[in-house]
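Trainee:
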Amino acid sequence: MVWLLAIASGLIVANLYYAQTLVGPISRATGLTPGAAGLIVTLTQIGYCLGLLFIVPLGDLLENRRLIFTALLTSAVALLAAACTSSAPLFLAAALCIGLGSVAAQVLVPFAAHLSLPHTRGRTVGKVMSGLLLGIMLARPVASLVADAFGWHSIFVLSALGTAALAFVLRRKLPPRQPDSTLRYPALLASMWQLLRDTPVLRRRALYQACMFGAFSLFWTTVPLVLAGPYFQQSQTGIAIFALVGVAGAIASPIAGRLADGGHTRATTAAALAIGALAFVLPLLLQWGRVADLGLLVLSSILLDMGVSANLVLGQRAIFSLGAEVRSRLNGLYIAIFFAGGALGSSLGGWMFAQHGWRGVLWAGLAFPAAALLGYASEFIGKRRPAAGATPGSDPRV
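In this note's numbering, the protein residues as written are 31 to 428.
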């Protein structure tokens, strides 16, 4: 079941990222101007954020298997529409719906936590998040390779068929889960603000991951431009291989989960944030020539992915320890907040690269994990507490 949830999460969330490397051919095929081409990615992300805030909380209210099935069928139809249309408005509408339906992945993650025993919850969430992060990291190179071979439409057709098949597999294999909540939908949404206000551990963990995901988005938005530039002179295939090597960083997720289960969340958090900072420090300080610098950049990509994936699992384990009845809402808030950090990072990365070059990007990227480390250090200022944001009945090791 854990393997199924991990693979499913990766396949679902990959739908958000296929278009990122295909903006050029899609905009030409649909007649979008260069200035409007960014909407292809932006609307997908907007749809995802809307789904996190308005669909994922339904996991605390509706039968989870039916909710996942409906969301996946929505994504499959939207992916097929995106593949078949040459109309810019219709493609953009499909992109929005792809984002909305892809939040099924964030219903699966608390579902995995629900199926786990308390003492193995971190490991289970870590394994599922490894699959999700692999989906994020592999989507861009896979989309580039498939589009080169068969055209950009093909990746959307294949994903539509795979998503529809996955919907029926999950409906058959997942156990039913009907939450006990008696809240109505408006009250459910209103309770999210209360959760954010009254749950310090959620705010802290979301802040740390927003900084880390901002660094991640900034790096992966700009590094293809650097690799294709006159210094490294990499082809699209070379850039795809670079992205594939960076996937190795996903191994940190289950390791972080095991450490968290053993009561080492604080130390592992510090290590994850420090690794994220190191990923930007190394290429800033060391310059040994083109081949060595490329190898150093590969190492930085792996370190950054390790820090981001480890910190993500640590945050989710912490918030999932606060009560089964609010897991979907907590997860929706957590993911929405750190995706906002990712949006800031990607937009800042493009601007910094245009204005200040690659070194400016590295300094901006370093600022994100540095801010997270400052926030982490503030936990220890003043009177020492058992756990920041711990609530009665919560896991004392978060």
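By construction, the Cβ of each residue, glycine as well, lies at the ideal position given by its N, Cα and C atoms.
Can you give the Cα-Cα distance for residue 157 and residue 36, rounded to whole angstroms?
Mentor: When rounded, the distance between both Cα atoms is 6 Å.
Trainee: Below 6 Å CB to CB, which residues in the same chain sit around residue 121 once its five sequence neighbours on both sides are set aside?
Mentor: Same-chain partners within the cutoff: 60, 112, 115.
Trainee: Could you check what DSSP says for residue 149 in three-state terms: helix, strand or coil?
Mentor: The answer is helix: DSSP assigns residue 149 an H, G or I state.
Trainee: Does the stretch 167-182 come within contact of the stretch 381-394, defined as at least 3 CB pairs closer than 8 Å?
Mentor: Flag = no, the stretch 167-182 and the stretch 381-394 do not touch.
Trainee: Can you look up residue 247 in the DSSP assignment and give me helix, strand or coil?
Mentor: In the structure shown, residue 247 sits in a helix (DSSP, three-state: H, G or I).
Trainee: Taking Cβ to Cβ, would you say residue 246 is nearer than 8 Å to residue 329?
Mentor: Result no, Cβ atoms of residue 246 and residue 329 do not sit closer than 8 Å.
Trainee: Determine the DSSP secondary structure at residue 261, reduced to helix, strand or coil.
Mentor: Residue 261 falls in the coil class under three-state DSSP.
Trainee: Residue 78 lies in the alpha helix (DSSP H); which residues open and close that run?
Mentor: Start and end: 69-84.
Trainee: Would you kindly check if the distance between the Cβ of residue 346 and the Cβ of residue 155 is under 8 Å?
Mentor: Taking 8 Å as the Cβ cut-off, residue 155 and residue 346 qualify as a contacting pair.
Trainee: Drop a sphere of 10 angstroms on the beta-carbon of residue 140, count the other beta-carbons inside from all chains shown, and report buried for 16 or more, exposed for fewer.
Mentor: Classification of residue 140: buried, given that the 10 Å Cβ count is 16 or more.
Trainee: For residue 358 and residue 148, I'd like the C-alpha separation in whole angstroms.
Mentor: Roughly 17 Å separates the two Cα atoms.
Trainee: To the nearest angstrom, report how far apart residue 225 and residue 360 are at their CA atoms.
Mentor: Each residue's alpha carbon lies about 7 Å from the other.
Trainee: Residue range of the alpha helix (DSSP H) that residue 294 falls in?
Mentor: Per DSSP, residue 294 belongs to no alpha helix (DSSP H) and is neither H nor E.
Trainee: Kindly confirm or deny that the stretch 186-195 and the stretch 371-381 touch, where touching means at least three C-beta pairs closer than 8 Å.
Mentor: Taking 8 Å as the limit for Cβ pairs, the verdict is that the stretch 371-381 does not touch the stretch 186-195.
Trainee: How far does the alpha helix (DSSP H) with residue 323 in it reach, from first residue to last?
Mentor: Counting along the chain, the alpha helix (DSSP H) containing residue 323 begins and ends at 320-350.
Trainee: Using 8 Å as the Cβ pair cut-off and three pairs as the minimum, do the stretch 396-408 and the stretch 257-277 touch?
Mentor: The stretch 396-408, when compared against the stretch 257-277, does not touch it at the 8 Å Cβ threshold.
Trainee: Which residues bound the alpha helix (DSSP H) around residue 228?
Mentor: Per DSSP, residue 228 belongs to the alpha helix (DSSP H) from 215-228.
Trainee: Helix, strand or coil for residue 409? Go by DSSP, reduced to three states.
Mentor: Helix, per DSSP.
Trainee: Comparing the C-beta of residue 87 with each C-beta of chain D, is any distance below 8 Å?
Mentor: The chain labelled as chain D is not found in the depicted structure, where only one protein chain is given.
Trainee: May I have the straight-line CA-CA distance separating residue 332 from residue 166, to the nearest angstrom?
Mentor: Roughly 14 Å between the two C-alpha positions.
Trainee: Among the residues of its own chain, which have a CB less than 7 Å from the CB of residue 413, if the five just before and after it don't count?
Mentor: Low local confidence applies: a pLDDT of 49 at residue 413 is under 50, so the model's placement there is unreliable, and no value is given.
Trainee: Would residue 194 and residue 42 qualify as a contact pair, given that the criterion is a beta-carbon distance under 8 Å?
Mentor: No.
Trainee: Straight-line CA distance for residue 304 to residue 296?
Mentor: Roughly 12 Å separates the two Cα atoms.
Trainee: Taking the C-alpha atoms as reference points, what is the distance between residue 46 and residue 106?
Mentor: Their Cα atoms are separated by approximately 12 Å.
Trainee: Are there 16 or more other CB atoms within 10 angstroms of the CB of residue 129, so buried, or fewer, so exposed?
Mentor: Its Cβ being crowded by 16 or more others within 10 Å, residue 129 is buried.
Trainee: Taking all protein chains shown into account, do 16 or more other C-beta atoms lie within 10 angstroms of the C-beta of residue 321, making it buried, or fewer, making it exposed?
Mentor: That one is exposed.
Trainee: Assuming residue 312 and residue 298 make a contact with CB atoms under 8 Å, what is their CB distance in whole Å?
Mentor: Not confirmed; about 21 Å, so no contact.
Trainee: Between which two residues does the alpha helix (DSSP H) harbouring residue 199 extend?
Mentor: Counting along the chain, the alpha helix (DSSP H) containing residue 199 begins and ends at 182-203.
Trainee: Expressed to the nearest angstrom, what Euclidean distance is found between the alpha-carbon atoms of residue 109 and residue 285?
Mentor: Straight-line Cα distance between these residues: approximately 34 Å.
Trainee: I need the boundaries of the alpha helix (DSSP H) containing residue 104, first residue and last residue.
Mentor: That run of the alpha helix (DSSP H) goes 94-114.
Trainee: Report the rounded CA-to-CA distance for residue 93 versus residue 243, giving the unit in angstroms.
Mentor: When rounded, the distance between both Cα atoms is 31 Å.
Trainee: From which residue to which residue does the alpha helix (DSSP H) around residue 32 run?
Mentor: Run containing residue 32: 32-44, per the alpha helix (DSSP H) assignment.
Trainee: With distances taken between CB atoms, is the gap from residue 78 to residue 160 smaller than 8 Å?
Mentor: No. Outside cutoff.
Trainee: Given a cut-off of 8 Å on the beta-carbon distance, is the pair residue 349 and residue 256 in contact?
Mentor: Contact: no.
Trainee: Extract the residue ranges of the alpha helix (DSSP H) inside the stretch 358-387, only unbroken runs of 4 or more that lie entirely within it.
Mentor: Counting only runs of 4 or more, we get nothing.
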